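Have a look at the structure below, then the notes.
There are 2 protein chains.
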Amino acid sequence: MIENNFVLKGSIVYSEDKDTINTIQEGYVVCQDGKCLGAYSTLPDEYKSLKLYDYGKSLIMPGMTDLHVHAPQYTFRGIGMDKELLDWLNTYTFPEEAKYKDIEYAKKAYKYFTKDLQRTFSTRAVVFGTLHNQATIELMDQLEETGMITYVGKVNMDRNGGVDLEEEDAATSLENTRKWLEAIDGKYKNTRPILTPRFIPSCSDELMRGLTDIADEKDLRIQSHLSENLSEVAWVQELVPESTSYGNAYEIFGAMGNPDRPTIMAHCVYSNDEEMEILKKYGAFIAHCADSNMNLTSGIAPIRKYMDAGLNVGLGTDVAAGSSMNMVKTMLITLQASKMYYRLVNTDVKPLTFEQVFYLATIGGGKYFGQVGSFKYGYDFDAIVVDDSKMYSMRDMTVRERVERMCYNDADAIIMDKFVKGNRIYSIK
Amino acid sequence: MIENNFVLKGSIVYSEDKDTINTIQEGYVVCQDGKCLGAYSTLPDEYKSLKLYDYGKSLIMPGMTDLHVHAPQYTFRGIGMDKELLDWLNTYTFPEEAKYKDIEYAKKAYKYFTKDLQRTFSTRAVVFGTLHNQATIELMDQLEETGMITYVGKVNMDRNGGVDLEEEDAATSLENTRKWLEAIDGKYKNTRPILTPRFIPSCSDELMRGLTDIADEKDLRIQSHLSENLSEVAWVQELVPESTSYGNAYEIFGAMGNPDRPTIMAHCVYSNDEEMEILKKYGAFIAHCADSNMNLTSGIAPIRKYMDAGLNVGLGTDVAAGSSMNMVKTMLITLQASKMYYRLVNTDVKPLTFEQVFYLATIGGGKYFGQVGSFKYGYDFDAIVVDDSKMYSMRDMTVRERVERMCYNDADAIIMDKFVKGNRIYSIK
Chain D
1 MIENNFVLKG SIVYSEDKDT INTIQEGYVV CQDGKCLGAY STLPDEYKSL
51 KLYDYGKSLI MPGMTDLHVH APQYTFRGIG MDKELLDWLN TYTFPEEAKY
101 KDIEYAKKAY KYFTKDLQRT FSTRAVVFGT LHNQATIELM DQLEETGMIT
151 YVGKVNMDRN GGVDLEEEDA ATSLENTRKW LEAIDGKYKN TRPILTPRFI
201 PSCSDELMRG LTDIADEKDL RIQSHLSENL SEVAWVQELV PESTSYGNAY
251 EIFGAMGNPD RPTIMAHCVY SNDEEMEILK KYGAFIAHCA DSNMNLTSGI
301 APIRKYMDAG LNVGLGTDVA AGSSMNMVKT MLITLQASKM YYRLVNTDVK
351 PLTFEQVFYL ATIGGGKYFG QVGSFKYGYD FDAIVVDDSK MYSMRDMTVR
401 ERVERMCYND ADAIIMDKFV KGNRIYSIK
Chain F
1001 MIENNFVLKG SIVYSEDKDT INTIQEGYVV CQDGKCLGAY STLPDEYKSL
1051 KLYDYGKSLI MPGMTDLHVH APQYTFRGIG MDKELLDWLN TYTFPEEAKY
1101 KDIEYAKKAY KYFTKDLQRT FSTRAVVFGT LHNQATIELM DQLEETGMIT
1151 YVGKVNMDRN GGVDLEEEDA ATSLENTRKW LEAIDGKYKN TRPILTPRFI
1201 PSCSDELMRG LTDIADEKDL RIQSHLSENL SEVAWVQELV PESTSYGNAY
1251 EIFGAMGNPD RPTIMAHCVY SNDEEMEILK KYGAFIAHCA DSNMNLTSGI
1301 APIRKYMDAG LNVGLGTDVA AGSSMNMVKT MLITLQASKM YYRLVNTDVK
1351 PLTFEQVFYL ATIGGGKYFG QVGSFKYGYD FDAIVVDDSK MYSMRDMTVR
1401 ERVERMCYND ADAIIMDKFV KGNRIYSIK
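Protein chains in written order, with the numbering used here: chain D, 1 to 429; chain F, 1001 to 1429.
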């Protein structure tokens, strides 16, 4: 067991801001009571009495945040990827999620999910379950055990899910939600509930309004999907004809949250100026899921534009439309997507830099949890230690180069240890 | 040592044609004298006396062909990816390649390359070296030892490489080329020379013409780069003002080969109708390098259009502009790229299907080597055995599903054994 106040030594890397990566070739990061007391090239005298863990040449970086992932989709990731969103949901996703009515099935499948999630670069995650209370509680129990800090949602759906994946009506869905919240009240330290209307096509107006009432009453956050696919956007316009945009439809139902309890909207591939204004006004977080958006032929979200406009953005792996929970692979695909948006759609929107994508994976999504995703003073001490020695080089590389290389060669980056709020929650040993 | 005539048992998968993947859940592939005698669900009586290797539930698939990879760039892969082609070449690539003048450096670096290449899904590769004879011979020596079948090119450059990476003039470059060919004449069984003018900006008209004379005289093939990047295309138009397209410039110099010794042109991101006609007329092969083309913000080649027009297409990893020699990761990125071309550029050009991308990785590039890349009767027996058991599922998956899943989750696909022309050249054991 590692002590709670300690120093890690290694090659330190973290974002100072969205355009600056700080690195220290041989440096120190200090943890006290779960908080980071800064990164140093020379260890200050006052910390010299703390226990020091020397990781040699390994990279030490902040934990990453996966802002959007579907736990029940994990075990069928990577198949059926020749379909687009609505077909893919009906053919693969909804039938699979319906199986989580069976708690034994859920127990087994969620063990695969949680075990693998714990081995990733992520220390925090925001997770979709299914509409089943019991399975969602099982998922939360398992996630609590990992030591990661997560938000988890029981999904709400009272229409368009097919006979096997729909709650009877809005009242039933709301009642189920209240029962779920009661059942887990006070149960967890690190696992928090989040209200989860799947997306407007799955939720009647009554359900949407009822959920936002619960959010207000219980001070809960909301997550959903927004403007992912052109057919979906057109469908929402039919379903909520009075809305001026898909984002406005959520706004009408009161689902956009507020800066103190921001809503997460996954995707935002097709958010226009009005939708951007709405997202900004309510302080919502965009969970950018480039892997998913390319796999389902959805398109590419203009993330650089959103960042420049001051919107909150993080990255999501969006398994199983995204095929991997590896945030570093997600960073690579995010870079490629933004380069293609620039080249093929609009040369006024510059590609994301590596600095910006590293920021999005760490601070960008971490901000949803507070001061998370950096080694700046006062941040939560979330850290991962990565052995990149398999990626030999013919010359000494800078830490900045090593981190970029890791992103492009994820298979050769080995996660050694993982800390959340100063607790070591995973070790390869 | 495995015998030369044998049967492999496992889950068999191979392309029948570009739109059809054949699978056998528990099947057999038969090898005799380096050739495949077909794939069977029940082993024919006449093969029952052959030694049988039972791989249980592992996937058995044809070896893949990497149609374009730069060996000297391997050790710096995955850095500097925020630049575009010409900047990237001048900043990273040319200074690195210049180091291969030092044979000790080359020996060491090429060991990393060949060792890692042997562990990939590829059984065949077409490789760029540097302009240095001695280093290129070292590379060929090392590749010969792997048992893979490769074409390797000493690079020609007599302009625009900077002081450290240019041959003195066309005559010197041609003389070096002849010396290189003499030095390796008759030396290798599996390693063949290929003439390699880097691209037109690196080669004077005189050098281009001299190389195609050598190609004709010695019955050699040519590889180069074509229409990768918009600035490059514009530059070639200045350098060869009489050309009607970049492809036509190569045609003018006689470098497009013929169907019996086809030229490989890497990229073809911006090939217009005229260029497509030229590629078709000479039976050239397009080495499609989607990873590279996204990393360097080059664009996306309309591969589905090229296939529909009957052009020869295979896949290249194009390390180090592509960051990995993993052909399965390349397949994933190829799919994503083609989906984005459809969504963002031209909805008349349908996305590549998984069937088509699997075909491109196996038969598409394999065709450059003859009957290579399938388990159809008479093909060279190139095979890889892949353990995908780490990718557990909640239900039995079809072989087709398992192969697609492998493509999206490459890190969990473990190559157990690799055969080239019936010889086992690699085993994880």
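The C-beta atom is built at its ideal place from N, Cα and C for all residues, glycine as well.
Here the structure is a predicted model, which means the values were calculated and not measured.
{"Query": "Give the interface partners of K1179 of chain F over in chain D, defined as CB-CB distance under 9 Å, in chain order.", "Result": "The premise fails here: K1179 of chain F is roughly 26 Å from chain D at the closest Cβ pair, so nothing lies under 9 Å."}
{"Query": "Using a beta-carbon distance cut-off of less than 7 Å, what residues from the stretch 339-357 of chain D approach chain F?", "Result": "K339, M340, Y342, R343, L344, V345, P351, T353, F354"}
{"Query": "For the ligand ZN, is there any heavy atom lying closer than 7 Å to the beta carbon of W1180 of chain F?", "Result": "The ligand ZN is not part of the structure shown, which contains no ligands of any sort."}
{"Query": "So, are the CB atoms of A1361 of chain F and L1296 of chain F less than 8 Å apart?", "Result": "no"}
{"Query": "Between the alpha carbons of L1050 of chain F and M1208 of chain F, how many angstroms are there, rounded?", "Result": "51 Å"}
{"Query": "Which of helix, strand or coil does DSSP assign to N1090 of chain F?", "Result": "helix"}
{"Query": "Would you verify that the beta carbon of M416 of chain D is, or is not, closer than 8 Å to some beta carbon of chain F?", "Result": "no"}
{"Query": "Is the CB-CB distance between I286 of chain D and V269 of chain D below 8 Å?", "Result": "no"}
{"Query": "Please list the terminal residues of the continuous alpha helix (DSSP H) segment that includes F1113 of chain F.", "Result": "1103-1118"}
{"Query": "Is it the case that the stretch 1400-1411 of chain F contacts the stretch 1321-1341 of chain F, given that we only count it when at least three CB pairs across the two stretches are under 8 Å?", "Result": "yes"}
{"Query": "Could you give the distance in angstroms between the alpha-carbon of L1059 of chain F and the alpha-carbon of T1398 of chain F?", "Result": "11 Å"}
{"Query": "For K57 of chain D, which residues from the same chain have a beta carbon less than 8 Å from its beta carbon, with the 5 sequence-adjacent residues on both sides left out?", "Result": "G10, S11, S389"}
{"Query": "Output, in chain order, the set of chain D residues within a Cβ distance shorter than 9 Å of I1300 of chain F.", "Result": "M340, R343, L344"}
{"Query": "Near L1220 of chain F, which residues of its chain fall below 6 Å by C-beta distance, leaving aside the five closest residues on each side in sequence?", "Result": "L1195"}
{"Query": "If I measure Cβ to Cβ from N1133 of chain F and keep anything under 8 Å in the same chain, skipping five residues before and after, which residues do I get?", "Result": "K1154, N1176, K1179, W1180, A1183"}
{"Query": "Name the chain D residues that come within less than 7 Å of Y1112 of chain F, Cβ to Cβ?", "Result": "Y392"}
{"Query": "Since T1075 of chain F contacts Q1118 of chain F with CB under 8 Å, what's their CB separation in whole angstroms?", "Result": "T1075 of chain F to Q1118 of chain F, Cβ: 16 Å. No contact."}
{"Query": "Measure the CB-CB distance between S1243 of chain F and Q1237 of chain F and report whether it falls below 8 Å.", "Result": "yes"}
{"Query": "Just tell me which of F:L1211, F:W1088, F:D1185 has its CA closest to the CA of P1197 of chain F.", "Result": "F:L1211"}
{"Query": "Buried or exposed: which applies to M1 of chain D, given that a residue is buried once 16 or more other Cβ atoms fall within 10 Å of its Cβ?", "Result": "Caution applies to M1 of chain D, whose pLDDT of 44 falls short of 50 and renders its modelled position unreliable; the value that the coordinates give is listed next. With fewer than 16 other Cβ atoms within 10 Å, it is exposed."}
{"Query": "Assess, as a yes-or-no matter, whether the stretch 81-93 of chain D is touched by the stretch 38-52 of chain D under the definition of 3 or more beta carbon pairs within less than 8 Å.", "Result": "no"}
{"Query": "Using a C-beta cutoff of 8 Å, does M1001 of chain F count as contacting chain D?", "Result": "Bear in mind that the predicted position of M1001 of chain F carries a pLDDT of just 44, short of 50, making it too unreliable to give a figure here."}
{"Query": "Give a yes or no on whether the C-beta atoms belonging to T1317 of chain F and M1325 of chain F are separated by under 8 Å.", "Result": "yes"}
{"Query": "For G186 of chain D, count neighbouring C-beta atoms within 10 Å of its own C-beta (all shown protein chains included) and say buried if the count is 16 or more, exposed if not.", "Result": "exposed"}
{"Query": "Return the bridge partner residues of P197 of chain D from the DSSP annotation.", "Result": "D:N156"}
{"Query": "Going along the chain, which residues of the stretch 214-233 of chain D sit with their C-beta nearer than 7 Å to a C-beta in chain F?", "Result": "none"}
{"Query": "By the three-class DSSP mapping on this structure, what secondary structure does C31 of chain D have?", "Result": "strand"}
{"Query": "Under 6 Å Cβ to Cβ from S245 of chain D, same chain only, skipping five residues before and after it: list those, please.", "Result": "E274, E275"}
{"Query": "Please name the residues in the stretch 1280-1312 of chain F whose beta-carbon is closer than 7 Å to at least one beta-carbon of chain D, in chain order.", "Result": "M1294, N1295, T1297, G1299, I1300"}
{"Query": "Since G38 of chain D contacts F375 of chain D with CB under 8 Å, what's their CB separation in whole angstroms?", "Result": "7 Å"}
{"Query": "Thinking just about the alpha-carbon of each residue, which of F:S1173, F:V1126, F:S1202 is nearest to the one in N1160 of chain F?", "Result": "F:S1202"}
{"Query": "State buried or exposed for P1241 of chain F, treating a residue as buried only when at least 16 other CB atoms are found within 10 Å of its CB.", "Result": "exposed"}
{"Query": "Could you pull the start and end residues of the alpha helix (DSSP H) that I1184 of chain F belongs to?", "Result": "1170-1184"}
{"Query": "Considering just the uninterrupted stretch of the alpha helix (DSSP H) at R1405 of chain F, what are its terminal residues?", "Result": "1399-1408"}
{"Query": "Give the range of the alpha helix (DSSP H) segment to which K218 of chain D is assigned.", "Result": "205-218"}
{"Query": "Whole-angstrom Cβ separation of V420 of chain D and M64 of chain D, contact assumed at under 8 Å?", "Result": "About 12 Å; that fails the 8 Å criterion."}
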